[in-house]
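As given, the protein sequences belong to chains W and H, one line each in that order.
So for the first sequence, my numbering puts the first residue at 5; every next one is plus one.
So for the second sequence, my numbering puts the first residue at 4; every next one is plus one.
Cβ coordinates follow ideal geometry from the N, Cα and C atoms, glycine included.
All values reported here derive from a predicted model rather than from experimental measurement.
Working notes, beginning with the structure itself.
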Amino acid sequence: MTPKPANSFDTAVAALLAQKVQIENNLLSLQAACVNDSQRKALADSYHSAVAQYETALTMALVTNDAAVQSNVGQISTIQQQVQDAIDQAAAIAGILNKIATGIQIGTSILKMMAAA
Amino acid sequence: MRRRHQGYAARRTIFLGLCLLSLAPAGCHERSDLDRLISGGSAAYMQASQYYDRLGVITVEAWQNQIAFLSLAGSSASPEDQDIFQKRVDALSRRSSMARALANAYVSIGSLRSPDGLNSVSTAGKNLGAAIGGIPNLPGASAAATAPIGQAAQFLAGLKRGSDAHKALESLSQAGAYQNDLFVHERTAYIAMEVDRDETADRLLRQLAGAKLVNPSALLRFLHLGVPQEAFPDNERIRAMALSASSVALYRKKTAWACATENTAGTLEITATQTKDLATPNSSALNQLDQELAQAKTCMSEYQILDVDK
Numbered sequence: 005m006t007p008k009p010a011n012s013f014d015t016a017v018a019a020l021l022a023q024k025v026q027i028e029n030n031l032l033s034l035q036a037a038c039v040n041d042s043q044r045k046a047l048a049d050s051y052h053s054a055v056a057q058y059e060t061a062l063t064m065a066l067v068t069n070d071a072a073v074q075s076n077v078g079q080i081s082t083i084q085q086q087v088q089d090a091i092d093q094a095a096a097i098a099g100i101l102n103k104i105a106t107g108i109q110i111g112t113s114i115l116k117m118m119a120a121a
Numbered sequence: 004m005r006r007r008h009q010g011y012a013a014r015r016t017i018f019l020g021l022c023l024l025s026l027a028p029a030g031c032h033e034r035s036d037l038d039r040l041i042s043g044g045s046a047a048y049m050q051a052s053q054y055y056d057r058l059g060v061i062t063v064e065a066w067q068n069q070i071a072f073l074s075l076a077g078s079s080a081s082p083e084d085q086d087i088f089q090k091r092v093d094a095l096s097r098r099s100s101m102a103r104a105l106a107n108a109y110v111s112i113g114s115l116r117s118p119d120g121l122n123s124v125s126t127a128g129k130n131l132g133a134a135i136g137g138i139p140n141l142p143g144a145s146a147a148a149t150a151p152i153g154q155a156a157q158f159l160a161g162l163k164r165g166s167d168a169h170k171a172l173e174s175l176s177q178a179g180a181y182q183n184d185l186f187v188h189e190r191t192a193y194i195a196m197e198v199d200r201d202e203t204a205d206r207l208l209r210q211l212a213g214a215k216l217v218n219p220s221a222l223l224r225f226l227h228l229g230v231p232q233e234a235f236p237d238n239e240r241i242r243a244m245a246l247s248a249s250s251v252a253l254y255r256k257k258t259a260w261a262c263a264t265e266n267t268a269g270t271l272e273i274t275a276t277q278t279k280d281l282a283t284p285n286s287s288a289l290n291q292l293d294q295e296l297a298q299a300k301t302c303m304s305e306y307q308i309l310d311v312d313k
């Protein structure tokens, strides 16, 4: 259940980010350089793709581990129920202590009766 | 050499005496460290949960920035684009839930340990104490002779709670280790998500300011000059100054987020390691847990203040 490392994230995603950043830093000047709508559309589509690629990679860094996360949440809930059971069991000590206390109280009464006799 | 040995023996006797006086059920030193681990672990996982919640908000805001940039580019977001961000928000939410579940589990273990959390046991203990207090002196015996009965009952109850807490923590050990590994392996992505939102916003601002579509002079408030935004004319120099002030604010936010990330990672690692090594609790590691937790909270608070001012 070892999480899949995001080590490759540093290299692969950095390249996708660089592509997105390059267009964002120069978007308006690139748009101004376009001579027709076809070029402007190509620029917009390229940027859209660059964004989608980078954001998908960023999301994938988490999604690859998601199944294990869900499984873990379930396991923790089970453990928490076990802890609650343990608390309930510990609370049962109260009954034992109360029985001891009752026994001692009865013993005290007997001693008092004996002393009074 | 003999004197040195005697000194050691004397110190050992004092230590054992202090242990007996405190009536620690599972060892003088260990009990205190176990309680510290339970409370520190709960706080560490709650901090991690809040970190993930914050990252979820950052992701939604990153999505808003990206929609604005796409719009400026003459494009628009597709349902597939939205799905990418939604998956990320969901994944972060699941991580937050896992951390919160761990925090709650530690709280439950804490209540297992705490007499306050076991009211019925506490009440029963008081009843027993009252019953013992009502016993008349036996002929030839002092009242103090009855005290060990109560002490033994408390000792056994404490021993059971201590043993249950150990078992519960051991069962959480694997989940805690996974949470730690997950954070370690993904933390580069967590930092990148924050940077993605802020730097995308910054690049958008620079494009808009460069095309004179927006006046960024309001950003000069970061310099605390005490001059209202209206006092600044919209010219090249003021725009450059405002964007420089924005860069510094951006740097401070990145630093605060990285600090919160690293210290949260530190708290998770110590909690996981200490939970795994229950048999050999380490006071200095628990001190470090307290320090890293305090630092993570400080950095997160600083980040939130800067984020409100953005």
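Could you check how far apart the C-beta atoms of Ala-275 of chain H and Gly-179 of chain H are, in whole angstroms? I think they sit under 8 Å.
-> Rounded, the Cβ-Cβ distance is 4 Å, consistent with contact.
Taking a cut of 7 Å between CB atoms, which residues from the stretch 50-66 of chain W lie near chain H?
-> Tyr-51, His-52, Val-55, Ala-56, Glu-59, Thr-60, Leu-62, Thr-63, Ala-65 and Leu-66
By a C-beta neighbour count over all protein chains shown, 10 Å radius and 16 as the cutoff for buried, is Leu-37 of chain H buried or exposed?
-> The residue is buried, with at least 16 neighbouring Cβ atoms inside 10 Å.
Can you list the residues of chain H that Leu-31 of chain W reaches, using a CB-CB cut of under 8 Å?
-> Phe-72, Leu-75, Ala-76 and Gln-210
In this structure, does DSSP put Thr-68 of chain W in helix, strand or coil?
-> Of the three classes helix, strand and coil, the one that applies to Thr-68 of chain W here is coil, per DSSP.
Every unbroken alpha helix (DSSP H) inside the stretch 41-121 of chain H [4 residues or more] = 82-116
May I have the straight-line CA-CA distance separating Glu-33 of chain H from Trp-66 of chain H, to the nearest angstrom?
-> Caution is warranted here: a pLDDT of 46 is assigned to Glu-33 of chain H, below 50, making its placement in the model unreliable, and the coordinate value is therefore given only provisionally. Taking the straight line from one Cα to the other gives about 49 Å.
Pairwise C-alpha distance: Val-217 of chain H and Glu-59 of chain W = 27 Å
Output the boundary residues of the alpha helix (DSSP H) element that contains Arg-255 of chain H.
-> 239-279
Could you give the distance in angstroms between the alpha-carbon of Phe-235 of chain H and the alpha-carbon of Leu-226 of chain H?
-> Rounded to the nearest whole angstrom, the C-alpha separation of Phe-235 of chain H and Leu-226 of chain H is 13 Å.
Looking at the unbroken alpha helix (DSSP H) that takes in Ser-286 of chain H, where does it start and where does it end?
-> 286-311 is the span of the alpha helix (DSSP H), which, as asked, contains Ser-286 of chain H.
Which listed residue (H:Ile-194, H:Leu-207, H:Met-101 and H:Val-60) has its alpha carbon closest to that of Asn-68 of chain H = That would be H:Leu-207, whose Cα lies nearest to the Cα of Asn-68 of chain H.
Proximity of Ser-50 of chain W and Ile-27 of chain W at Cβ, strictly below 8 Å | Yes; because the gap between Cβ atoms is below 8 Å, this pair is in contact.
Starting from the C-beta of Ile-49 of chain H, find all residues in its chain whose C-beta is less than 8 Å away, skip the five residues before and the five after it, and write them out in chain order.
-> For clarity, residue 49 of chain H is Met in the given sequence; the question names Ile instead. Counting only Cβ-Cβ distances below 8 Å, and skipping sequence neighbours, we find Ala-102, Arg-103 and Ala-106.
Flag this pair as touching only if the stretch 54-68 of chain W and the stretch 190-209 of chain H have three or more C-beta atom pairs under 8 Å; answer yes or no.
-> yes
Compare the C-beta of Ala-48 of chain W with all C-beta atoms of chain H and state if any pair is closer than 8 Å.
-> yes
Just to confirm, are Leu-222 of chain H and Ala-245 of chain H a CB contact at a threshold of 8 Å?
-> Contact: yes.
Looking at the structure shown, is Lys-24 of chain W part of a helix, part of a strand, or coil, going by DSSP?
-> helix
Measure from the C-beta of Asn-69 of chain W to each C-beta in chain H and report whether the shortest distance is under 8 Å.
-> yes
Val-73 of chain W: which of H:Ser-96, H:Leu-172, H:Pro-82 and H:Tyr-54 sits nearest, CA to CA?
-> H:Ser-96
When the Cα atoms are used, what is the spatial distance from Ala-19 of chain W to Leu-47 of chain W?
-> C-alpha of Ala-19 of chain W to C-alpha of Leu-47 of chain W: approximately 19 Å in a straight line.
Interface residues of chain H around Ser-42 of chain W at Cβ under 7 Å?
-> Annotation: Ser-42 of chain W has no Cβ neighbours in chain H at a cutoff of 7 Å; minimum Cβ distance is about 12 Å.
Exposure label - Asn-29 of chain W; buried when at least 16 CB within 10 Å | Looking at its Cβ environment, which holds fewer than 16 other Cβ atoms inside 10 Å, Asn-29 of chain W is exposed.
Check the Cβ of Gln-74 of chain W against every Cβ in chain H and list those closer than 7 Å, keeping chain order.
-> Arg-97
When you compare only the Cα positions, how much space is there between Arg-240 of chain H and Arg-224 of chain H?
-> 16 Å
Alpha-carbon to alpha-carbon, Ser-45 of chain H and Val-63 of chain H | 28 Å
Under the assumption that Asp-205 of chain H contacts Lys-256 of chain H (Cβ atoms under 8 Å), give the Cβ distance between them as a whole number of angstroms.
-> Between Lys-256 of chain H and Asp-205 of chain H the Cβ distance is about 10 Å, and since that is not below 8 Å, they are no contact.
Might you give, ordered along the chain, the residues of its own chain that have their beta carbon closer than 6 Å to the beta carbon of Val-110 of chain H, omitting 5 neighbours on each side?
-> Ser-45
Where Gly-269 of chain H falls, given that 16 or more other Cβ within 10 Å makes a residue buried | buried
Check whether the Cβ of Arg-206 of chain H lies closer than 8 Å to any Cβ atom in chain W.
-> It does: the Cβ of Arg-206 of chain H has a partner Cβ on chain W nearer than 8 Å.
Alpha carbon of Lys-45 of chain W to alpha carbon of Val-55 of chain W, nearest angstrom = In this model, Lys-45 of chain W and Val-55 of chain W are separated by some 15 Å (Cα to Cα).
Name the chain H residues whose beta carbon is nearer than 7 Å to that of Gln-79 of chain W?
-> Ala-178
Cβ-Cβ separation, Leu-172 of chain H to Leu-281 of chain H (assumed contact under 8 Å), whole Å | With a beta-carbon spacing of about 6 Å, Leu-281 of chain H and Leu-172 of chain H fall inside the 8 Å limit used to define contacts.
Go ahead and label Tyr-254 of chain H buried or exposed: buried means 16 or more other beta carbons lie within 10 angstroms of its beta carbon, across all protein chains shown.
-> exposed
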